[in-house]
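Read the structure below first, then the notes.
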Amino acid sequence: MEIRIGDNLEEYPPTVIEILRSLYFSEDPLTSVELRDQLAKCGFTLDDRTIRYHLSNLEKDGLVTRLGRKGVLLTPDGSEEARAIFVFDRIGMSSMETEMLIVKSDLDLCANKGKVIVNITSVPEERFDEALSLLKEISNSNVIVSPLVAILEGGRRIWNYRVPDGQKAILCLSSANYDVVLRRCGVHIETIATGLFRLQNYEGKGFVDIISHSGTTLSPGELLIRGGFTDVTSAMRTGRGCVTAAIKTFPSFMYETVIEAVKNCRNDNIRGLFEIGYLMPPKYQMSIKDRTRGYMLVLGGANYLAPLLECGISTILSISSGLYDIEEMRPPHSM
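Take the sequence shown: its letter number 294 is residue 276 in our numbering, and every next letter is one higher.
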């Protein structure tokens, strides 16, 4: 076998990589003028003609699609290609994707307005009624972050996710919305790990497995649910089973601010905060620095969608994958 010698050659020129980066991390289509301005911020001075030339080549390769005057979007193949190119941008607790969603969210939980960070799954149209019935059941349980959901028809798009034809997408709130609320109060919060949290008689009995966020591009919660390690269905029906939960940390001197923020945002549309403390106990510490950190134990937002995968209704799950207006979401019982 021939051994490849690293030569630092890129498959795409730097200008094209930056165009793909701008499109991948944009919620909306971008025009050539908007792309020109984005590239200028990165030190690339290009005229509109050159950008249109690159876009034409990307369109020929099936990586972008034109939407007339609205601009261009990545195709599903383009999104997949971008994910591979920017794999190292997506590593760890503060990946660019997550940070961008947190910054762009304008959620006001007290007023129940603004865009929330959502998790996404999709189900075949012929199984939607079955899925809705299961959502109604779990919406009353104590293992989810919020009872609110939204339904998107096939062909609709949310950030880089396009709902497949013949399917319906189901959106629910991510636990990352706690990060949004606390960042607005001046508290920098980090999710350091997500794991399988065991319930017995509807009470928490601690983690049985845990995955650190520091060195992965994939959501640990997504891995645990798609890998078949959860039994959220059993947990909601019998009070016994494993659900996902995240450990979030913050500076301990901000504890009172966090407590006040949590009190102010509590309503029927958000829950899932299982435990909170001024100093993290040894059983949750991932490193020495955690000894001086405050912490929150928050149930995973994707627990809401997990039964759909556990029952084989869906095979798709994408965590913290876009923004959606909370005013357009409602409990499944009202659908």
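Even for Gly, the Cβ is constructed at its ideal location relative to N, Cα and C. As the structure is a prediction and not an experimental result, all values here were calculated from the model.
| Query | Result |
| --- | --- |
| The region 191 to 199 contacting the region 271 to 281, beta-carbon criterion three pairs below 8 angstroms | no |
| For residue 224, the three-state DSSP class (helix, strand or coil) | strand |
| The region 206 to 213 touching the region 234 to 253, judged by at least three CB pairs closer than 8 angstroms | no |
| Reference residue 257; option with closest CA among 92, 52, 241 | 241 |
| Cβ neighbours of residue 268 in the same chain (closer than 7 angstroms, five flanking residues each side left out) | 174, 175, 194 |
| For residue 9, three-class secondary structure by DSSP | coil |
| Alpha carbon of residue 129 to alpha carbon of residue 153, nearest angstrom | 11 angstroms |
| Where the alpha helix (DSSP H) through residue 20 begins and ends | 14 to 23 |
| Local conformation of residue 152 per DSSP, three classes | strand |
| Rounded C-alpha distance that separates residue 134 from residue 310 | 11 angstroms |
| Length of the line joining the Cα atoms of residue 307 and residue 27 | 36 angstroms |
| The region 152 to 172 touching the region 289 to 304, judged by at least three CB pairs closer than 8 angstroms | yes |
| Three-way DSSP call (helix, strand, coil) for residue -1 in this model | helix |
| Whether residue 57 touches residue 46 by CB criterion (9 angstroms) | yes |
| CA nearest to the CA of residue 292, picked from 142, 201, 272, 105 | 105 |
| Contact under 9 angstroms by Cβ, residue 225 with residue 125 | yes |
| Sequence-distant residues of the same chain with beta carbon closer than 7 angstroms to residue 17, five excluded per side | 1, 4, 33 |
| Where residue 311 falls: helix, strand or coil (DSSP) | coil |
| Local conformation of residue 143 per DSSP, three classes | strand |
| Local conformation of residue 47 per DSSP, three classes | strand |
| Residues sharing a beta bridge with residue 240, DSSP | Bridge partners of residue 240: none, in fact. |
| Residue 100 CB to nearest heavy atom of the ligand GTP below 8 angstroms | For the ligand GTP, the structure offers nothing, since it holds no ligand at all. |
| The region 212 to 222 in contact with the region 136 to 154 per 3-pair CB rule at 8 angstroms | no |
| Length-filtered (3 minimum) beta strand (DSSP E) runs lying within the region 254 to 299 | 255 to 259, 275 to 281 |
| Limits of the beta strand (DSSP E) - the one that residue 372 falls within | Residue 372 falls outside the range modelled here, since the chain spans only -17 to 317, and no answer is possible. |
| Beta-bridge partners of residue 233, as assigned by DSSP | 275 |
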